[in-house]
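Notes to accompany the following structure.
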Amino acid sequence: MSLEKKISTIINDFSFFDSWEEKYEYLIDLGKSLSPLNKRSKNDLHLVQGCQAKVWLVCEIRNGKLILKGDSDAIITKGLVGLLIFVFNNSYIEEIVQSDNSFLAKIGLNKHLSMTRSNGIDEMIKKIRSHCSNYLKNE
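Spelled out as structure tokens, the structure:
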């Protein structure tokens, strides 16, 4: 599935729910659906700086696509990690580098997250894009 299609799916999924309580429950479910991250990956190399909770993102490039794994020690933040993994995992790195964060506004997340969580998700996206950009530069 293309990055554009995954973003469209997330926007549609969030629009299905009437209340932000339901949307938070969906976000939490996204976090619960993540495959467990092994303990060796929970290290400083994969730790995302600037997040209130601990967040680990493991970014690998295979066949021009990002393979993304992650975890967090906080339930809502883990849901945000799950959201980003749904959107960016197995997407072409060129698409990721050229994408923007507008889907966060379209689902209303930017209005319903605390400032620290908003900063955290921005830092997660920066780490993902930076990894993809660095790979393209070194190709």
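For the sequence shown, my numbering begins at 36 and goes up steadily by one. Here a beta-carbon is modelled for each residue, glycine too, at the ideal position from N, C-alpha and C. Source: prediction; values computed, not measured.
Q.
Using only the alpha-carbon positions, how far apart do M36 and I128 sit?
A. 14 Å
(Q) Taking the beta carbon of S168 as the centre, do at least 16 other beta carbons fall within 10 Å, making it buried, or is it exposed? (A) Here S168 is exposed: its Cβ has fewer than 16 other Cβ atoms, across all protein chains shown, within 10 Å.
Q: Kindly provide the ranges of any alpha helix (DSSP H) runs that are 4 or more residues long and lie completely inside the stretch 104–135, ordered along the chain.
A: 110–123, 128–133
Q | Coil, strand or helix - K100 by DSSP | A | K100: strand per DSSP, three-state reduction.
(Q) Between the alpha carbons of L139 and H147, how many angstroms are there, rounded? (A) 10 Å
Q: Leaving aside the five residues before and after K113 along the sequence, list all residues of the same chain whose C-beta is less than 6 Å from its C-beta, in chain order.
A: Cβ within range, chain order: G66, S107.
Q.
Tell me the rounded alpha-carbon separation between V93 and R75.
A. 11 Å
Q. Under the DSSP definition of a beta bridge, which residues are partnered with C86?
A. DSSP lists no partner for C86.
Q) Taking just the CA atoms, how far does S70 sit from L56? A) Contrary to the premise, residue 56 reads as Glu rather than Leu in this sequence. Rounded to whole angstroms, E56 to S70 spans 24 Å at the Cα level.
Q: Name the residue from T44, G105, F51, E130 whose alpha carbon lies nearest to the alpha carbon of A88.
A: G105
Q.
On the criterion of 16 or more Cβ atoms from any shown chain inside 10 Å, does S50 qualify as buried, or is it exposed?
A. exposed
Q. Going by beta carbon distance, what residues of the same chain come within less than 7 Å of H176, once the five residues before and after it are set aside?
A. In the structure displayed, the chain extends from 36 to 174; residue 176 sits before or after that span and is not available.
Q: Can you give me the Cβ contacts of K41 inside the same chain, cut-off strictly under 6 Å, excluding the 5 residues immediately before and after it?
A: V122
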